[in-house]
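In case it helps, our numbering puts the sequence shown at residues 141 to 419.
Encoded as structure tokens, the structure appears first; notes follow it.
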Amino acid sequence: MILDLDIGNTLSKWRLKDADSSEIRSRGAVWTREEWRPGADIPNLDVVEAVRISSVARAAVLDDTVKLLRRQVRQVFVARSLPESLGVVNGYSEPGKLGVDRWMGALAGYQLAGGCCAVDCGSAITVDFVLPGGTHLGGFIIPGLRLMKESLKLGTRNVAIDPDSEADALLEPGRRTVDAVNHGIYMAAVSAINRIYSEVCDQQGVTLPMLLTGGDARVVSRGVRVPHAVWPDMVYGGLEASFPLTFAERAGKMAGAPRVPETVALEKIRAALAFSMLL
141 MILDLDIGNT
151 LSKWRLKDAD
161 SSEIRSRGAV
171 WTREEWRPGA
181 DIPNLDVVEA
191 VRISSVARAA
201 VLDDTVKLLR
211 RQVRQVFVAR
221 SLPESLGVVN
231 GYSEPGKLGV
241 DRWMGALAGY
251 QLAGGCCAVD
261 CGSAITVDFV
271 LPGGTHLGGF
281 IIPGLRLMKE
291 SLKLGTRNVA
301 IDPDSEADAL
311 LEPGRRTVDA
321 VNHGIYMAAV
331 SAINRIYSEV
341 CDQQGVTLPM
351 LLTGGDARVV
361 SRGVRVPHAV
371 WPDMVYGGLE
381 ASFPLTFAER
391 AGKMAGAPRV
401 PETVALEKIR
411 AALAFSMLL
């Protein structure tokens, strides 16, 4: 079995993948730990032959996790943000400072679509762009839905946005304080994503497939106005591409990858931008 770990600052996700068939056998998520407990936080390591890790947690958390895993697992691979990898040139002036989850998303998106807008809807919402030739432009970071709600300090942070809500309802004025907060932060998030995408496509003269991942991707996707696909395993896709261990991965197949979404004509994007500037 292959254990893939996506360690965030607050939440960590894992999945077990069959090394022979490339099928996903199980998956889960736990709060990020100072000390990991095999069999409780992560699967029993007796069945694991290799581990791949993407981590944005504190260095001490990653170091302790790697030490634990290397005592019981033969192969442990840790992803790093590099100046260049898999045809993608890192757009940061200091490549190592780019969050490795964003780097994994950029790599996965490029392998899938040959250029993309990768949006990660987690504690923060990150929007990264990779041009068809492999140039990573850098990106944008805005507060995520939960972080925006907590910043208002109105006692509504424990009332989450229903992921099954229709976008039209979420974009209407709220008739209770909790609804006004939820609808306001939702409007702020989706408006920012839509505007960022349009502005960058206009600047670069190209339209790119949009791929969404992260815990809030499902609800955010309802308000995104351009064709897109939700890819929950996008960071894992970056790990598969960076450290291919199965026959399918070596052939360029990433588990759970969606179909590449279509793009709209650049002229339509520019027309919408011009209209919004008149308002």
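Cβ coordinates follow ideal geometry from the N, Cα and C atoms, glycine included.
Just the Cα atoms here: how many angstroms apart are residue i and residue j?
i      : j      : result
Phe387 : Arg315 : 55 Å
Lys496 : Ala253 : Residue 496 falls outside the range modelled here, since the chain spans only 141 to 419, and no answer is possible.
Ile325 : Leu287 : 10 Å
Phe383 : Leu352 : 22 Å
Ser263 : Leu292 : 15 Å
Ile282 : Lys153 : 22 Å
Val188 : Pro398 : 27 Å
Arg365 : Glu312 : 16 Å
Glu163 : Leu413 : 43 Å
Under 9 Å between C-beta atoms, does residue i make it to chain B?
i      : result
Phe280 : Included in the structure is just one protein chain, with no chain B present.
Is it the case that the Cβ atoms of residue i and residue j are separated by a distance below 9 Å?
i      : j      : result
Gly245 : Met350 : no
Arg177 : Gly168 : no
Gly378 : Cys261 : no
Arg220 : Gly236 : yes
Gly345 : Leu406 : yes
His395 : Glu380 : The sequence shown places Ala at residue 395, rather than the His named in the question. Yes; because the gap between Cβ atoms is below 9 Å, this pair is in contact.
Ala197 : Gly148 : yes
Ser195 : Leu226 : no
Pro272 : Leu348 : yes
Glu174 : Ala200 : yes
Under the rule that 16 or more other beta-carbon atoms within 10 Å means buried, what is residue i, buried or exposed?
i      : result
Phe415 : exposed
Gln251 : buried
Val171 : One detail in the question is off: residue 171 reads as Trp in this sequence, not Val. Trp171 is exposed by the Cβ-count criterion.
Ala91  : Nothing about residue 91 can be reported from this structure: the residues present for the chain run from 141 to 419 only.
Arg390 : exposed
Since I believe residue j is in contact with residue i (beta carbons under 8 Å), could you give me their beta-carbon distance rounded to a whole number of angstroms?
i      : j      : result
Val404 : Ile333 : Not confirmed; about 15 Å, so no contact.
Leu247 : Val228 : 6 Å
Val360 : Val330 : 6 Å
Gly279 : Arg335 : Contact flag wrong, Cβ pair sits at about 14 Å.
Entirely enclosed alpha helix (DSSP H) segments - the stretch 204-257, minimum 4 residues: 240-253
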